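Peer 1: Okay, here's the structure, questions in a sec.
In our numbering, the protein residues as written are 251 to 464.
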């Protein structure tokens, strides 16, 4: 090795080991903050908490928190993305019980609707509070957070297309986007809803199906 060329292999290994260790520790701190925030959300049934509460629950420092997150919004976004990934896995597992593409899509639509509805027992404020706000105020972040769910719905619609069950002019990605937004919006209660009985998951499926299925 000549002067000015690559660093010695031992030095590269030492640096890589140091960076790997620092990354692992940072990951552990992030998880502690996420776990602490999730515990508080479950206890309160709301996303109405402070960064200081999370810091105290995690037993880490405020400085450490701001090294990992810009603030409460970014913490909630991280929790929300994790929740969407779990939701996607739950929906995918449910669709695996069906053989026909149209039935798989039906299961996905109805389950997503049920999971997005306010539930006083299950209490899912990340979806009923933060998710709704995110949809309106931070659409780009929303698209990123919902990428796993969007990928699942696109995949289900592509299966339906391949089975000759989707309208010829329907684009799976565009339909997946419109379908998801419609389902999540309908799931939220509104003072403008004049119906004496709430909309059912079956009705939501029928609404979606009439627009895409042959």
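We put the beta carbon where it would ideally sit given N, CA and C, even for glycine.
Please read all numbers here as calculations on a predicted model, not as lab measurements.
Could you work out which residue in 281, 355, 313, 324 is closest to residue 452 when comparing CA atoms only?
Peer 2: Out of 281, 355, 313, 324, 355 has the C-alpha closest to the C-alpha of residue 452.
Peer 1: If we call anything under 7 Å between Cβ atoms a contact, is residue 407 one with residue 433?
Peer 2: Against a cut-off of 7 Å, the Cβ pair of residue 433 and residue 407 comes out as no contact.
Peer 1: Please report how far the alpha carbon of residue 270 lies from the alpha carbon of residue 263, in whole angstroms.
Peer 2: Computed Cα separation, rounded: 10 Å.
Peer 1: Looking at the secondary structure, which residues open and close the alpha helix (DSSP H) in which residue 401 lies?
Peer 2: 397–412 is the extent of the alpha helix (DSSP H) around residue 401.
Peer 1: Closer than 7 Å by C-beta to residue 265: which residues in its own chain qualify, once you throw out the five before and the five after it? Chain order, please.
Peer 2: Cβ within range, chain order: n/a, list empty.
Peer 1: Among 328, 457, 319, whose alpha-carbon lies nearest the alpha-carbon of residue 392?
Peer 2: Among 328, 457, 319, the Cα nearest to that of residue 392 belongs to 328.
Peer 1: Examine the Cβ distances between the region 301–311 and the region 341–351 and report whether three or more of them are shorter than 8 Å.
Peer 2: Too few Cβ pairs lie closer than 8 Å, so no.
Peer 1: According to DSSP, is residue 343 helix, strand or coil?
Peer 2: Residue 343: helix per DSSP, three-state reduction.
Peer 1: For residue 463, write down the residues that DSSP places opposite it in a beta bridge.
Peer 2: 416, per the DSSP bridge assignment.
Peer 1: If we ignore side chains and look at the alpha-carbon of each, how far apart do residue 395 and residue 447 end up?
Peer 2: Approximately 32 Å, taken between the alpha carbons.
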